[in-house]
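Residues in the sequence shown are numbered consecutively from 1, following the working numbering. Below is one structure, written out as structure tokens; comments come after it.
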Amino acid sequence: MTAPATPQELFALWADVRLQGLPPPALVRHPHVQSQLRRLHQSAPDLFQVEEVGRSVEGRPLHLVRVGSGPRHILLWSQMHGDEPTATTALLDLFEFLRLHRAHPRVARLLSALTLHAVPMLNPDGAERFQRRNAQGIDVNRDALALQTPEGRTLKALRDRLQPSLGFNLHNQSWRTAVGDGSRRPASISLLAPPFDASRSDNPGRVLAKKVCAVIRDALEPLAPGQIGRYDDSFETRAFGDNLVRWGTPTVLIETGPWPSAEPDEPLLRLNFVALVSALEALSTGAVEHANLERYESIPLNDSKGMLHLVIRGAHVFGEAGDAFLADVGVAAAQAVRTREGSASVVLSGSIEELGDLRVYGAVEEVDGTGLTAAPLPSRDVKVGDTLPPPPRSELSLRVGLPAELMLLRPVEPQGNYRVERILRYER
């Protein structure tokens, strides 16, 4: 096998190196990670070293994977927020890429120039619950100074022991995040070189992180044009990314956001894979030193509320009072884990978040509501094509906060009835 060089080739290669048998990222749990790390070590013990470096609140082992033998040490960690899972699977795919292509000159050079230290799933207790915080109820990413969480203490101890020259802090961001350039495009990947003080000063380490972000932008933009944003760089005195810079390890924040399709996991995993391989190769060759800083500084800032999952455009709407009016209906959604009869699944949970003139919002899906009435789905069963008598006014009212269980109705003349044109249902 040959290892490709271009982002487009890496994007295509991911399908060959992706780990088989894993569930969707939101359903990956600590035992899945443990099993894959054991397999890696057993299949290539000379390449992968796996070490237990701590325990979570509930006693789950926190593992450090070491691969490579180079003088430049890089620390990567994922899922310090338990409900931000994409990069955990992306890291496992990265390891598989290195295993399968270790003999290729480009990969061999990477492994001889860098030593990678990675903690996939820093917050396994939160992942088990699919919640942001750890089992204590603490946000691990706001515990860099107090160090009241065993997960935070583990990360700090690793930083102090390894003295890495760069860190990769891997997260997911809200699916409401858009690229803030007025394009109404989703911020599928957002990047940040965090500051180390409130004045957002630069030092050589932060400049390096900015150049790495520039490399990632150049790699990803052809694959997701207009969908790369820059995360807010306000200094957060409690956060790990900001404090690692203060402690001497500059960091690159990669935030995975929304993707405009019904099945977002695969394209987002591909983007993470391309971002990591491209950045690590640029670090191993020294090409990062020649990256254009302007390519980082000109990344459009995130718009943290500019994206919706669904917008119904120009429908007739009845509010809580008054006559019907023309409006857009905006639904925000996020992945959620539901367990029924002992089986877990990933669903889209959504609610009405915006109502009115929503022309400034982007959406994963837009529905033309011209000539239709948007109404809540009734408790009784209805299906597309049903003819309904005019519902009581109380059954037509929409408001922000309602579950996104909607139907679009078309008037049927001359009877005054309605025909169900479409049903839009998200999980509660």
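Ideal placement from N, C-alpha and C gives every residue a C-beta, glycine not left out. What you are looking at is a predicted structure, and each value in this text was computed from that prediction instead of being measured.
In its chain, beyond the 5 residues on either side, His73, Gly248 and Thr249 have a beta carbon closer than 8 angstroms to the beta carbon of Gln163. Asp328 is not a Cβ neighbour of Leu280, given a cutoff of 8 angstroms. Within its own chain, the residues whose Cβ lies closer than 8 angstroms to the Cβ of Lys383, once the five positions on either side in sequence are excluded, are Val420 and Ile423, listed in chain order. Within the DSSP secondary-structure output, Asn302 pairs in a beta bridge with Val179. According to the DSSP secondary-structure assignment, Gln335 is paired through a beta bridge with Leu348.
Rounded to the nearest whole angstrom, the CA to CA distance from Val367 to Leu145 is 47 angstroms. For secondary structure counted as the alpha helix (DSSP H) over 4 or more consecutive residues, the stretch 11-85 holds these complete runs in sequence order: 30-43. Here the stretch 303-314 lies against the stretch 325-342, with 3 or more beta-carbon pairs under 8 angstroms apart.
The beta carbons of Asn134 and Thr149 sit about 6 angstroms from each other, so the pair counts as a contact at 8 angstroms. In this structure, Glu51 and Leu37 do not form a Cβ contact; the two beta carbons are roughly 10 angstroms apart against a cut-off of 8 angstroms.
By the neighbour-count definition (other C-beta atoms within 10 Å, threshold 16), Phe325 is an exposed residue. Comparing C-alpha distances from Glu353 to each of Arg338, Ala334 and Gly401 shows the shortest one belongs to Gly401. Looking at the DSSP output, His316 sits in a beta bridge with Leu326 and Thr373.
Taking C-beta separations shorter than 7 angstroms and ignoring five residues to either side along the sequence, the partners of Pro260 in its chain run Pro186 and Val364, following chain order. The Cβ neighbour count for Ser394, taken over all protein chains shown within 10 Å, is under 16; the residue is labelled exposed.
Nearest to Gly182 by C-alpha distance, out of Ser234, Asn141 and Leu301, is Leu301.
Restricted to the stretch 106-194, the beta strand (DSSP E) segments that are unbroken, complete and at least 3 residues in length are 114-119, 166-172 and 189-192, listed in chain order.
Phe196 is positioned such that its CB atom lies no closer than 8 angstroms to that of Val252. Across the structure, His32 and Glu84 are spaced so that their CA atoms are roughly 16 angstroms apart. CA-to-CA, the gap between Leu13 and Ala224 works out to about 17 angstroms. The beta carbon of His316 sits closer than 6 angstroms to the beta carbons of Ala324 and Thr373 from its chain, once the five residues preceding and following it are set aside; these are given in chain order. Only residues of its own chain outside the window of five on either side were considered, and among them Ser112, Ala113, Leu114 and Thr115 have a CB closer than 6 angstroms to the CB of Gly70, listed in chain order. The stretch 20-34 makes contact with the stretch 88-97; the number of CB pairs closer than 8 angstroms reaches 3 or more.
With a cutoff of 8 angstroms on beta-carbon distance, Val288 and Gly229 are scored as not near each other.
Ranking Pro414, His81, Val277 and Val245 by CA distance to the CA of Asp160 puts Val245 first.
Of all alpha-carbon atoms in Gln227, Pro403, Leu220 and Pro222, the one lying nearest the alpha-carbon of Ser351 is that of Pro403.
In the DSSP assignment, Ala219 falls within the unbroken alpha helix (DSSP H) covering Pro204 to Leu220.
The beta carbons of Thr177 and Ser304 sit closer together than 8 angstroms.
Around the beta carbon of Val119, 16 or more other beta carbons lie within 10 angstroms, which makes this residue buried. The Cβ atoms of Val277 and Leu10 sit closer than 8 angstroms to each other. Annotated three-state conformation of Asn417 is strand, per DSSP. Closest by C-alpha distance to Gly371, out of Arg410, Tyr361 and Ser349, is Arg410.
The beta carbons of Glu128 and Arg29 sit about 6 angstroms from each other, so the pair counts as a contact at 8 angstroms. Asp233: not part of any alpha helix (DSSP H); DSSP gives it neither H nor E. Using a Cβ distance threshold of 8 angstroms, Leu122 and Glu151 count as a contacting pair. Your pair Ser397 and Glu320 checks out as a contact, with CB atoms roughly 5 angstroms apart and the cut at 8 angstroms.
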